[in-house]
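Residue numbering for the sequence shown follows this note's numbering, beginning at 796 and increasing consecutively. The beta carbon of each residue, even a glycine, is placed where N, CA and C say it ideally should be. The model shown is predicted, which means the values in this text are computed figures rather than measured ones. Read the structure below first, then the notes.
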Amino acid sequence: MTSTPRSAAAHAPIDTFPVAGSELIVGGQPLSRLAARIGQTPFYAYERAAIDRRIAELRAALPVAIKLHYAMKANPMPVLVAHMRDRVDGIDVASIGEMKVALDAGVAPTAISFAGPGKRETELRQAAAAGILLNVESEQELDRLAAIAVDTGWTVRVALRVNPDFELKASGMQMSGGSKPFGIDAERIPAVLARVAKTPLQFEGFHIFSGSQNLRAEAIIEAQQKSFALAVELAAHAPAPVRSLNLGGGLGIPYFPGNTPLDLAPIGANLAQIAEQARHALPEAQLCLELGRYLVGEAGIYVCRVTDRKVSRGLTYLVTDGGLHHHLSASGNFGQVLRKNYPLAIGNRMDAPADELVSVVGPLCTPLDLLGERMLLAHAEIGDLVVVFQSGAYGATASPQQFLGHPGVVEVLV
Ligand SMILES: *Cc1c(COP(=O)(O)O)cnc(C)c1O
């Protein structure tokens, strides 16, 4: 089977999957054959080899002192989390449901941390019983955890999630700076640390997550430098040495025309400097990044089948069996301000020129159910397979699958 690179014209760069003849090759198999094996469309397919390549690229670019965590809310498929277990240094969960998946996958409690606002008393107790690291998001949470530690006598491990006074510039989603529901404002941290000292809680460090989906290395570098400097400053008030410093993530992937992939080299060089400074400033600290979409986003595709072709006043529509109920973010309704097309292709006609202007829609009776708007694709007929690339993160579990009562989506790891 020979592989040929594909033109990235009018697309975000998509070279994760090779092509042989007319077929996209996913998990070593022609897409049509994979679809036949799965027995239904729509489906998501995530490729182990692509995930492993991405982790290898990161390991090569980052200093060994920087540990890699997987933020599993990006893709919580249990076998994928199990795949990650042996390849990353930790799993970050954002709910008790995710904690269960991580523990079931055999991830050691010492390698799990839990962030997220509004953790209820029962959830805090479950996490404390599990022995995972709790990223504390409020003073209320701290009081509840202290009471649990007193009540049970367990060692309850905590880090403080800090809402810094800066933001990650040019991010898809801002998660810090100004007034935010996440974490404890940096200026409150010294007082909170003084309170921690009066509890039996085991203080382990800080968690500073400033944003998501960023494609500008300089912005990420600036945020990491500021996060590190802030952690060093706050550590002076801590009741115990900082053993864990989570510098966040925010590494983005290209989705849209004009997006270019992130250059890891300067980020790695900057982190090497930070790691060197940390050897003196925070000698007991293990530094980590927590990445969701960067690890899995490009390794996944969403595949649906053309069920109808119709022309309305001059524009051709490919109607498919998939749509926003499985893939909200590709429809542009997952927090996007301006709708833009994800990269799409006809996965069983990869050798045909992309020369037909079409809109790709789903079966839902709403104009929001749009997977591709006026884009050039290979001429497609009923039965052909529409592929949405860059779909390994924030897909199935970030979509309203019950909406309109259509069949659910299948996920495979290949
Ligand atoms: C969502 C989230 C992540 C992952 O973000 P990505 O953009 O998928 O990398 C990491 N950490 C925290 C605290 C999050 O809320």
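Measure the Cβ-Cβ separation of residue i and residue j and say whether it is below 7 Å.
| i | j | result |
| --- | --- | --- |
| Ala1012 | Ile1062 | yes |
| Lys868 | Ala889 | yes |
| Val821 | Ala840 | yes |
| Arg956 | Glu932 | yes |
| Gly1117 | Gly1157 | yes |
| Glu1151 | His1174 | yes |
| Ala1026 | Phe1001 | yes |
| Met970 | Phe977 | yes |
| Glu792 | Gln1185 | This structure does not reach residue 792, given that the chain is present from 796 up to 1209, and the question cannot be answered. |
| Val1091 | Gly1187 | yes |
| Ala866 | Glu1085 | yes |
| Val1181 | Ala1125 | no |
| Ile927 | Phe909 | yes |
| Pro837 | Ala1070 | no |
| Leu1059 | Ala856 | yes |
Where does residue i land, buried or exposed, given buried means 16+ other C-beta within 10 angstroms?
| i | result |
| --- | --- |
| Thr797 | Note that Thr797 scores 38 on pLDDT, short of 50, meaning its location in the model is unreliable and no value can be drawn from it. |
| Thr950 | exposed |
| Met1170 | buried |
| Cys1083 | buried |
| Leu875 | buried |
| Ser802 | Residue confidence for Ser802 is low, a pLDDT of 41 falling below 50, so the modelled location carries little weight and cannot support an answer. |
| Thr947 | exposed |
| Glu1028 | exposed |
| His864 | buried |
| Asp847 | exposed |
| Thr799 | Note on Thr799: pLDDT 38, under 50, position unreliable in the model; the coordinate value appears next. Exposed, by the Cβ-count rule. |
| His1075 | exposed |
| Ala804 | Only weak support is given to the placement of Ala804: the predicted model assigns it a pLDDT of 44, under 50, and the question is left unresolved by the model. |
| Gly1130 | exposed |
If contacts are defined as beta-carbon pairs under 8 Å, then residue i and residue j qualify, I think. What distance do you get, rounded to the angstrom?
| i | j | result |
| --- | --- | --- |
| Pro959 | Gly972 | 7 Å |
| Val1155 | Leu1163 | That belief does not hold up - the Cβ atoms of Val1155 and Leu1163 are roughly 13 Å apart, past 8 Å. |
| Gln1072 | Arg1038 | About 17 Å separates the two Cβ atoms, so there is no contact after all. |
| Asn1128 | Glu1168 | Not confirmed; about 13 Å, so no contact. |
| Val987 | Glu934 | 6 Å |
Measuring CA to CA, which of the options is closest to residue i?
| i | options | result |
| --- | --- | --- |
| Ile1141 | Arg1134, Leu1059, Ala1149 | Ala1149 |
| Leu940 | Phe998, Glu1071, Thr1192 | Phe998 |
| Arg1100 | Arg1144, Gly1130, Lys1135 | Arg1144 |
| Glu818 | Ala1191, Phe1198, Val1155, Ala1147 | Ala1147 |
| Leu1010 | Tyr1089, Arg990, Ala1031, Thr811 | Tyr1089 |
| Gly911 | Ala924, Ala897, Leu929 | Leu929 |
| Gln921 | Ala944, Thr1115, Glu1079, Arg832 | Ala944 |
| Thr1161 | Ile833, Tyr1189, Glu1017, Leu1123 | Leu1123 |
| Asp881 | Ile861, Ile850, Pro871 | Ile850 |
Assess, as a yes-or-no matter, whether the segment 964-971 is touched by the segment 879-896 under the definition of 3 or more beta carbon pairs within less than 8 Å. no
Does the contact criterion of 3 or more C-beta pairs under 8 Å hold for the segment 988-998 versus the segment 1030-1040? yes
Count the CB pairs spanning the segment 1190-1199 and the segment 1117-1128 that are closer than 8 Å, and state whether there are at least three. yes
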